[in-house]
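Taking it in order: structure first as structure tokens, then the write-up.
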Amino acid sequence: MKKYFLTLLFLTSVACFSQDTLIINTNDSISTQILQELSEKTKSYQNIKADFKFTFENTSQDILEEQDGSISIQENSFKLEINQQIIISDGSTQWIYLKESNEVQIMEYDVEDDMMSPSKLFTIYEKGYKNSYIELKSLNGKNMHIIDLFSIESNAFKKIQLQIDADKNQLDNIILYDKNGGSFTYLITNFKTNVENTGDNTYKFIAEDYTDVQIIDLR
1 MKKYFLTLLF LTSVACFSQD TLIINTNDSI STQILQELSE KTKSYQNIKA
51 DFKFTFENTS QDILEEQDGS ISIQENSFKL EINQQIIISD GSTQWIYLKE
101 SNEVQIMEYD VEDDMMSPSK LFTIYEKGYK NSYIELKSLN GKNMHIIDLF
151 SIESNAFKKI QLQIDADKNQ LDNIILYDKN GGSFTYLITN FKTNVENTGD
201 NTYKFIAEDY TDVQIIDLR
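Residue numbers (our numbering): 1 to 219.
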């Protein structure tokens, strides 16, 4: 499950600050306007720090797995911490640190070539999806816009649901439904923006901070 979770994060395209033109293929004017406003607000932030709860569930296979994570994003740089893994990128180099084996893998990273980036978590909806406005619904004391996304091209997921806080104009929950009856939920539990003093080394792996770490350079 660890490997699948890591793969999923990349497949979900979880560029928060990408300057690409917003392309939404839809006839749903309500959801289009909401997503455009959300995109503009998200891109106005200097950086984002968020905590989330990840849940994978497949009732037909009696599977329920949960874990907490956190992500920091600034432009094309990110730091993602999940369970036994830390994934860091400064926009050109990517480090994947495996806590259990005290091992770090280093590889080149190009956000333009690699469309499977965790830095795209908050703008997953921008390209390649048709969207449909479902309803305005009260969930956990919040007014939520419920919007469903459907991929234009075939991929692993039959539907992605976005739950957007209507009062804050902020993404609150992402649910991905695969073709095998499974669902992957990213519930954002803490969301901060424009955090000061993130530090020059926030988006770099400093090997000296890890005793006897094994370095595997794949560049």
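Quick reminder that beta carbons are idealized off the backbone N, C-alpha and C, glycines included.
Quantities reported herein were computed from a predicted structural model and do not represent experimental measurements.
Whole-angstrom distance between residue j and residue i, CA atom to CA atom
i	j	result
residue 105	residue 68	22 Å
residue 149	residue 167	21 Å
residue 101	residue 211	12 Å
residue 204	residue 88	6 Å
residue 34	residue 215	45 Å
residue 38	residue 200	28 Å
residue 208	residue 50	26 Å
residue 140	residue 163	12 Å
residue 66	residue 174	15 Å
residue 28	residue 132	6 Å
residue 40	residue 137	23 Å
residue 161	residue 169	16 Å
residue 54	residue 187	7 Å
residue 42	residue 97	28 Å
residue 144	residue 134	10 Å
residue 36	residue 165	14 Å
residue 32	residue 79	30 Å
residue 206	residue 194	24 Å
Extent of the continuous alpha helix (DSSP H) run through residue i
i	result
residue 40	29-43
Helix, strand or coil at residue i [DSSP, three-state]
i	result
residue 208	helix
residue 59	helix
residue 104	strand
residue 69	strand
residue 218	coil
residue 88	strand
residue 200	coil
residue 46	coil
residue 135	strand
residue 213	coil
residue 77	strand
residue 99	coil
Identity of the residue in the options nearest residue i by Cα
i	options	result
residue 52	211, 29, 166 and 81	81
residue 59	177, 89, 210 and 200	177
residue 91	216, 202 and 139	202
residue 181	56, 29, 191 and 142	56
residue 219	83, 107, 36 and 96	107
residue 99	84, 110, 30 and 70	84
residue 70	191, 206, 217 and 196	191
residue 159	171, 146, 169 and 165	146
residue 61	217, 183 and 189	183
residue 185	86, 171, 135 and 36	171
residue 217	79, 94, 135 and 195	94
First through last residue of the beta strand (DSSP E) which encompasses residue i
i	result
residue 177	170-178
residue 109	It is not in any beta strand (DSSP E) - residue 109 carries neither H nor E in the DSSP assignment.
residue 167	First-last for residue 167: undefined, no H or E at that position.
residue 183	183-193
residue 147	142-151
heavy atom of the ligand NAD below 7 Å from residue i C-beta
i	result
residue 89	Because no ligand of any kind appears in the structure shown, any question about the ligand NAD cannot be addressed here.
Check your understanding: Should the region 126-136 be regarded as contacting the region 145-158, the criterion being three or more beta carbon pairs within less than 8 Å?
Key -> These segments touch.
Check your understanding: Do the region 73-91 and the region 33-53 meet, that is, are 3 or more Cβ pairs less than 8 Å apart?
Key -> Touching, per the Cβ criterion.
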